[in-house]
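For the sequence shown, the residue numbers in the working numbering are 1 to 259.
One structure below.
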Amino acid sequence: MSDPLAVIARLPGVPEAVDAAREAVDRLYRHRVLRRASPAVSTESSLRGARASAALAGADVPLDALRRDEAHDPVVQGALRASVELGRLGPTWRQAPRQVLARLHTLAAAGLTGQEALGRPRTADNAPDPLGLGPAPSAEETAARMESLFQLMAGATKPPALVLAAITHAELAVLRPFGTADGLVARAAERLTLVEYGLDPKSLVAVEVGHLELPYAEGLRAYLSGTPEGVAQWIQQCASAVSLGVREAAAICEAMQRG
């Protein structure tokens, strides 16, 4: 298969889901508030996205606690650190994804694992399974699949950004390449891909909020099945997460417009 992403992008239901998500993002970008306040919307979206990502990792705290800097759980702090760093990592993502993932893990997993393990791929053949997905692939298989993912990201073809983001997210979540904070890294990488590959260049869409509202683990289990139907289900779920993230960003815009 010379271009697996192109094949995935043509699976039944996927083109329609991708188009619907793109249309939702395009509508968001026409909101009048963004003419003057897109950085503020992006900042608020990132905060809400970090909160949602931490909740998916089992640390659900109120948004107001984040605003008051009262959430000291290491998972929450890791999600916040990774979110803040995304804007600086964008230019490196296409050229050196391995380096970016190591940096994201260093930020996300601080306080959750030893200093010597931060940013380093796991060498053990087992990894925690917080989502109940089943045993992780061996360290050797994980390294090989990660290399294949990097090759897809650097490929000459241009699949829809949403498809690449969804596959990147799923591979990181199911492979668990670091053994800690893999979900936080996976969701940050999805958002970064949506930004850097052109769907959401201003990082306005709180896609993590969308994932929190959807059956997250169920979608990943469908992807793990490896069937065309299961992979398509996961891509469609990611498209729905984008649309829900657009709704969240639009609500931010409306709140700013009301003052």
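All C-beta atoms in this analysis are idealised placements derived from N, C-alpha and C, irrespective of residue type, glycine included.
The way I'd put it, the region 111 to 122 does touch the region 166 to 180; three or more beta-carbon pairs between them come closer than 8 Å. Distance between D26 and L204, taken at the CA atoms: about 11 Å.
Rounded to the nearest whole angstrom, the C-alpha separation of L5 and P135 is 25 Å. In this structure, A166 is the residue among A166, D19, V174 with its C-alpha nearest to the C-alpha of L192. Burial state of H72 is exposed, judged by a 10 Å Cβ sphere holding fewer than 16 other Cβ atoms. Scanning L244, V33, A255, D200 for the CA closest to the CA of L214 turns up L244. Judged by DSSP in its simplified three-state form, A6 adopts helix. The beta carbons of A139 and D129 sit about 15 Å from each other, so the pair does not count as a contact at 8 Å. If you compare the alpha carbons of E229, Q237, A232 with that of V207, the shortest gap goes to Q237. Put simply, the backbone Cα of R145 is about 10 Å away from that of L172.
Straight-line measurement puts the Cα of A108 at about 31 Å from the Cα of A20. Measuring C-alpha to C-alpha distances from L184 to each of L34, R22, D3, G49 identifies G49 as the nearest. In the structure shown, A110 falls within a strand segment according to DSSP collapsed to helix, strand and coil. In this structure, V75 lies away from S46, with their beta-carbon atoms at least 9 Å apart.
Collapsing the DSSP output to three states places S138 in coil. Here L131 is near Y216, since their CB atoms are less than 9 Å apart. Going by C-alpha positions, V14 is about 9 Å away from A239. In the three-state reduction of the DSSP assignment, V61 falls in the coil class. Here A186 is buried: its Cβ has 16 or more other Cβ atoms, across all protein chains shown, within 10 Å. Taking the CA atoms as reference points, A189 sits about 9 Å from L86. At a Cβ-Cβ threshold of 9 Å, L194 and V242 count as neighbours.
Rounded to the nearest angstrom, the Cβ distance from G78 to A110 is 6 Å, consistent with a contact under 8 Å. Only buried fits S42, as 16 or more other CB atoms lie within 10 angstroms of its CB.
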